Amino acid sequence: MDKNPTYEELEKRIQELEQAESDCKRAAKDLQEKGQQYRTIMEASLQGVYQVDVEGHITFANTKTAELTGYPLDELNGLSLDTLYPPSKAKTISDENVALLLSGEPIVGENTLTRKNGCLIETYFSCVPVLDKNGVYEGFVGSIIDITERKQAKEEREKLRVQLFQAQKLESVGRLAGGVAHDFNNMLSIILGHTEMILNGLDKADPLIVHMNEIHQAAKRSTNLTKQLLAFARKQTIAPKVLDLN
4 MDKNPTYEEL EKRIQELEQA ESDCKRAAKD LQEKGQQYRT IMEASLQGVY QVDVEGHITF
64 ANTKTAELTG YPLDELNGLS LDTLYPPSKA KTISDENVAL LLSGEPIVGE NTLTRKNGCL
124 IETYFSCVPV LDKNGVYEGF VGSIIDITER KQAKEEREKL RVQLFQAQKL ESVGRLAGGV
184 AHDFNNMLSI ILGHTEMILN GLDKADPLIV HMNEIHQAAK RSTNLTKQLL AFARKQTIAP
244 KVLDLN
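Quick look at the structure:
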(Lines of atoms letter the chains of each structure in order from A; the text may use other names.)
(Lines give C-alpha, C1' and ligand atoms only; values in the text may rest on other atoms or scores of the structure.)
Protein backbone atom coordinates (compact mmCIF):
# COMPACT_ATOMS: atom_id res chain seq x y z
CA MET A 4 0.00 0.00 0.00
CA ASP A 5 1.37 3.41 -1.02
CA LYS A 6 2.27 5.73 1.76
CA ASN A 7 0.38 9.02 1.78
CA PRO A 8 2.69 12.00 1.18
CA THR A 9 3.50 14.07 4.18
CA TYR A 10 2.60 17.72 4.51
CA GLU A 11 6.19 18.67 3.88
CA GLU A 12 6.29 16.60 0.68
CA LEU A 13 3.05 18.14 -0.58
CA GLU A 14 4.31 21.63 0.18
CA LYS A 15 7.56 20.91 -1.64
CA ARG A 16 5.65 19.57 -4.64
CA ILE A 17 3.43 22.66 -4.72
CA GLN A 18 6.52 24.89 -4.61
CA GLU A 19 8.03 22.94 -7.52
CA LEU A 20 4.84 23.35 -9.55
CA GLU A 21 4.69 27.06 -8.74
CA GLN A 22 8.32 27.42 -9.79
CA ALA A 23 7.65 25.55 -13.03
CA GLU A 24 4.65 27.79 -13.73
CA SER A 25 6.75 30.87 -13.01
CA ASP A 26 9.48 29.61 -15.35
CA CYS A 27 6.89 28.98 -18.09
CA LYS A 28 5.46 32.48 -17.71
CA ARG A 29 8.94 33.99 -17.81
CA ALA A 30 9.83 31.96 -20.91
CA ALA A 31 6.56 32.97 -22.58
CA LYS A 32 7.23 36.62 -21.76
CA ASP A 33 10.79 36.37 -23.11
CA LEU A 34 9.47 34.71 -26.25
CA GLN A 35 6.86 37.43 -26.69
CA GLU A 36 9.48 40.16 -26.23
CA LYS A 37 11.84 38.49 -28.70
CA GLY A 38 8.96 38.10 -31.14
CA GLN A 39 8.18 41.80 -30.79
CA GLN A 40 11.86 42.67 -31.31
CA TYR A 41 11.91 40.44 -34.39
CA ARG A 42 8.80 42.15 -35.74
CA THR A 43 10.28 45.62 -35.05
CA ILE A 44 13.47 44.71 -36.88
CA MET A 45 11.50 43.33 -39.84
CA GLU A 46 9.31 46.44 -40.01
CA ALA A 47 12.38 48.69 -39.94
CA SER A 48 13.88 46.90 -42.93
CA LEU A 49 13.92 48.73 -46.27
CA GLN A 50 13.56 45.35 -47.96
CA GLY A 51 10.45 43.24 -48.31
CA VAL A 52 10.95 40.25 -46.01
CA TYR A 53 8.69 37.20 -46.08
CA GLN A 54 8.58 33.53 -45.14
CA VAL A 55 7.12 30.72 -47.24
CA ASP A 56 6.17 27.21 -46.06
CA VAL A 57 6.87 23.92 -47.82
CA GLU A 58 3.57 24.22 -49.72
CA GLY A 59 4.60 27.57 -51.19
CA HIS A 60 2.28 29.73 -49.08
CA ILE A 61 3.36 32.94 -47.37
CA THR A 62 3.31 32.58 -43.59
CA PHE A 63 4.91 35.90 -42.70
CA ALA A 64 5.49 39.22 -44.47
CA ASN A 65 6.57 42.65 -43.30
CA THR A 66 4.95 45.96 -44.25
CA LYS A 67 7.51 46.61 -46.99
CA THR A 68 6.46 43.39 -48.73
CA ALA A 69 2.85 44.56 -48.63
CA GLU A 70 3.92 47.93 -50.05
CA LEU A 71 5.88 46.35 -52.91
CA THR A 72 3.23 43.79 -53.86
CA GLY A 73 0.16 45.95 -53.27
CA TYR A 74 -1.45 43.26 -51.10
CA PRO A 75 -2.54 44.10 -47.52
CA LEU A 76 -0.76 42.06 -44.85
CA ASP A 77 -3.90 40.09 -44.02
CA GLU A 78 -4.20 39.03 -47.68
CA LEU A 79 -0.53 38.14 -47.96
CA ASN A 80 -0.82 35.70 -45.06
CA GLY A 81 -1.62 32.34 -46.67
CA LEU A 82 -1.27 33.65 -50.24
CA SER A 83 0.44 31.30 -52.70
CA LEU A 84 3.77 32.76 -53.78
CA ASP A 85 2.95 31.78 -57.38
CA THR A 86 0.28 34.51 -57.34
CA LEU A 87 3.06 37.11 -57.32
CA TYR A 88 4.69 35.81 -60.50
CA PRO A 89 3.44 36.46 -64.07
CA PRO A 90 1.08 33.55 -64.97
CA SER A 91 3.23 32.41 -67.89
CA LYS A 92 6.31 32.08 -65.67
CA ALA A 93 4.86 31.21 -62.26
CA LYS A 94 5.27 27.43 -62.28
CA THR A 95 8.71 27.50 -63.92
CA ILE A 96 10.08 30.06 -61.46
CA SER A 97 8.54 28.28 -58.48
CA ASP A 98 9.90 24.85 -59.50
CA GLU A 99 13.38 26.24 -60.17
CA ASN A 100 13.48 28.07 -56.83
CA VAL A 101 12.33 25.03 -54.85
CA ALA A 102 14.84 22.78 -56.62
CA LEU A 103 17.66 25.12 -55.69
CA LEU A 104 16.47 25.58 -52.11
CA LEU A 105 16.13 21.82 -51.60
CA SER A 106 19.86 21.63 -52.18
CA GLY A 107 20.23 23.63 -48.98
CA GLU A 108 21.90 26.58 -50.69
CA PRO A 109 20.69 30.19 -50.63
CA ILE A 110 19.78 31.72 -54.00
CA VAL A 111 19.85 35.27 -55.35
CA GLY A 112 18.72 36.78 -58.62
CA GLU A 113 16.22 39.02 -60.40
CA ASN A 114 12.53 38.33 -60.93
CA THR A 115 9.48 40.05 -62.35
CA LEU A 116 6.61 40.23 -59.84
CA THR A 117 2.95 41.01 -60.45
CA ARG A 118 1.38 43.51 -58.06
CA LYS A 119 -2.23 43.11 -56.96
CA ASN A 120 -3.31 45.76 -59.51
CA GLY A 121 -1.67 43.77 -62.33
CA CYS A 122 1.33 46.07 -62.77
CA LEU A 123 4.73 44.41 -63.14
CA ILE A 124 7.77 45.35 -61.08
CA GLU A 125 11.37 44.22 -61.42
CA THR A 126 12.93 42.93 -58.21
CA TYR A 127 16.22 41.68 -56.84
CA PHE A 128 15.63 38.79 -54.45
CA SER A 129 17.49 36.50 -52.08
CA CYS A 130 16.16 33.32 -50.44
CA VAL A 131 17.54 31.15 -47.64
CA PRO A 132 16.11 27.66 -46.99
CA VAL A 133 14.57 26.83 -43.61
CA LEU A 134 15.44 23.32 -42.38
CA ASP A 135 14.25 21.45 -39.31
CA LYS A 136 16.64 19.85 -36.80
CA ASN A 137 16.90 16.80 -39.06
CA GLY A 138 17.78 18.89 -42.10
CA VAL A 139 14.38 18.46 -43.73
CA TYR A 140 13.26 21.36 -45.92
CA GLU A 141 10.39 23.34 -44.36
CA GLY A 142 10.28 26.39 -46.62
CA PHE A 143 12.39 29.50 -46.96
CA VAL A 144 12.86 33.10 -45.89
CA GLY A 145 13.17 35.63 -48.69
CA SER A 146 13.80 39.32 -49.23
CA ILE A 147 13.02 41.54 -52.22
CA ILE A 148 14.04 45.01 -53.42
CA ASP A 149 12.26 46.98 -56.15
CA ILE A 150 14.78 47.70 -58.92
CA THR A 151 12.26 48.76 -61.58
CA GLU A 152 13.49 52.37 -61.82
CA ARG A 153 17.11 51.24 -61.74
CA LYS A 154 16.55 48.84 -64.64
CA GLN A 155 14.60 51.44 -66.61
CA ALA A 156 17.42 53.95 -66.10
CA LYS A 157 19.95 51.34 -67.24
CA GLU A 158 17.91 50.56 -70.35
CA GLU A 159 17.56 54.29 -71.09
CA ARG A 160 21.33 54.77 -70.75
CA GLU A 161 21.92 51.86 -73.12
CA LYS A 162 19.43 53.32 -75.57
CA LEU A 163 21.17 56.71 -75.46
CA ARG A 164 24.55 55.03 -75.86
CA VAL A 165 23.35 53.27 -79.02
CA GLN A 166 21.88 56.53 -80.35
CA LEU A 167 25.14 58.35 -79.66
CA PHE A 168 27.10 55.61 -81.41
CA GLN A 169 24.79 55.83 -84.44
CA ALA A 170 25.10 59.63 -84.47
CA GLN A 171 28.89 59.37 -84.35
CA LYS A 172 28.85 56.89 -87.24
CA LEU A 173 26.61 59.18 -89.28
CA GLU A 174 28.87 62.12 -88.52
CA SER A 175 31.89 60.15 -89.75
CA VAL A 176 30.03 59.10 -92.88
CA GLY A 177 28.96 62.71 -93.40
CA ARG A 178 32.55 63.94 -93.20
CA LEU A 179 33.65 61.24 -95.64
CA ALA A 180 30.77 62.05 -98.00
CA GLY A 181 31.63 65.74 -97.87
CA GLY A 182 35.28 65.06 -98.67
CA VAL A 183 34.43 62.73 -101.54
CA ALA A 184 31.88 65.21 -102.93
CA HIS A 185 34.40 68.06 -102.95
CA ASP A 186 37.07 65.95 -104.66
CA PHE A 187 34.54 64.63 -107.17
CA ASN A 188 33.29 68.15 -107.82
CA ASN A 189 36.81 69.33 -108.60
CA MET A 190 37.24 66.53 -111.16
CA LEU A 191 33.83 67.24 -112.69
CA SER A 192 34.70 70.92 -113.02
CA ILE A 193 37.76 69.99 -115.05
CA ILE A 194 35.75 67.62 -117.27
CA LEU A 195 32.97 70.17 -117.81
CA GLY A 196 35.44 72.95 -118.55
CA HIS A 197 37.39 70.96 -121.09
CA THR A 198 34.30 69.55 -122.84
CA GLU A 199 32.87 73.06 -123.17
CA MET A 200 36.15 74.29 -124.65
CA ILE A 201 36.23 71.40 -127.11
CA LEU A 202 32.56 71.88 -128.07
CA ASN A 203 33.13 75.58 -128.69
CA GLY A 204 36.05 74.75 -130.99
CA LEU A 205 34.33 72.05 -133.03
CA ASP A 206 32.45 72.57 -136.25
CA LYS A 207 28.74 71.89 -135.93
CA ALA A 208 29.02 69.12 -138.49
CA ASP A 209 31.87 67.39 -136.67
CA PRO A 210 30.80 63.87 -135.59
CA LEU A 211 32.71 64.32 -132.30
CA ILE A 212 30.10 66.82 -131.13
CA VAL A 213 27.63 64.01 -130.34
CA HIS A 214 30.17 62.18 -128.15
CA MET A 215 31.38 65.35 -126.44
CA ASN A 216 27.78 66.34 -125.69
CA GLU A 217 27.19 62.95 -124.05
CA ILE A 218 30.31 63.43 -121.91
CA HIS A 219 29.23 66.95 -121.01
CA GLN A 220 25.67 65.88 -120.08
CA ALA A 221 26.95 62.91 -118.03
CA ALA A 222 29.27 65.24 -116.11
CA LYS A 223 26.40 67.65 -115.44
CA ARG A 224 24.22 64.80 -114.16
CA SER A 225 27.06 63.73 -111.89
CA THR A 226 27.08 67.18 -110.31
CA ASN A 227 23.60 66.41 -108.95
CA LEU A 228 25.06 63.41 -107.13
CA THR A 229 27.74 65.56 -105.53
CA LYS A 230 25.06 68.06 -104.46
CA GLN A 231 23.18 65.23 -102.72
CA LEU A 232 26.36 64.08 -100.98
CA LEU A 233 27.09 67.63 -99.83
CA ALA A 234 23.50 68.05 -98.62
CA PHE A 235 23.86 64.84 -96.57
CA ALA A 236 27.19 66.03 -95.17
CA ARG A 237 25.69 69.40 -94.10
CA LYS A 238 22.98 67.59 -92.07
CA GLN A 239 25.61 66.07 -89.77
CA THR A 240 26.72 67.63 -86.52
CA ILE A 241 29.14 70.50 -86.95
CA ALA A 242 31.61 71.28 -84.18
CA PRO A 243 32.66 74.96 -84.51
CA LYS A 244 36.23 75.87 -83.52
CA VAL A 245 37.77 79.28 -82.88
CA LEU A 246 40.44 80.01 -85.50
CA ASP A 247 43.16 82.63 -85.36
CA LEU A 248 42.80 84.40 -88.72
CA ASN A 249 46.13 86.16 -88.22
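Residues in the sequence shown are numbered consecutively from 4, following the working numbering. No residue lacks a Cβ here, since even glycine has one placed at the ideal position from N, Cα and C. Remember, predicted model here, so these are calculated numbers, not experimental data.
Within 8 Å, strictly: CB atoms of residue i and residue j
| i | j | result |
| --- | --- | --- |
| Ile212 | Leu202 | yes |
| Ile110 | Leu84 | no |
| Leu105 | Tyr140 | yes |
| Glu125 | Lys154 | yes |
| Ala102 | Leu79 | no |
Extent of the continuous beta strand (DSSP E) to which residue i belongs
| i | result |
| --- | --- |
| Gln54 | Gly51 to Asp56 |
| Thr66 | From DSSP, Thr66 is part of no beta strand (DSSP E) but of the alpha helix (DSSP H) over Thr66 to Thr72. |
Whole-angstrom distance between residue j and residue i, CA atom to CA atom
| i | j | result |
| --- | --- | --- |
| Lys207 | Ala234 | 38 Å |
| Phe143 | Gln54 | 6 Å |
| Phe187 | Glu174 | 20 Å |
| Gln35 | Gln50 | 24 Å |
| Asn216 | Leu232 | 25 Å |
| Arg118 | Gly73 | 6 Å |
| Ile150 | Asn120 | 18 Å |
| Lys32 | Glu14 | 27 Å |
| Cys130 | Thr86 | 17 Å |
Strand pairing of residue i, partner residues [DSSP]
| i | result |
| --- | --- |
| Thr111 | Note that residue 111 is Val in the sequence shown, not Thr. Its beta-bridge partners are Ser129. |
| Gly145 | Tyr53 and Cys130 |
| Leu116 | Ile124 |
| Tyr140 | Leu134 |
| Phe63 | Gln54 |
| Ser83 | His60 |
Per-residue burial, residue i [other beta carbons within 10 Å of its own, 16 or more giving buried]
| i | result |
| --- | --- |
| Lys67 | buried |
| Thr9 | exposed |
| Ser146 | buried |
| Leu71 | buried |
| Pro89 | exposed |
Residue i, enclosing alpha helix (DSSP H) - first and last residue
| i | result |
| --- | --- |
| Val183 | Thr151 to Gly204 |
| Leu79 | Leu76 to Leu79 |
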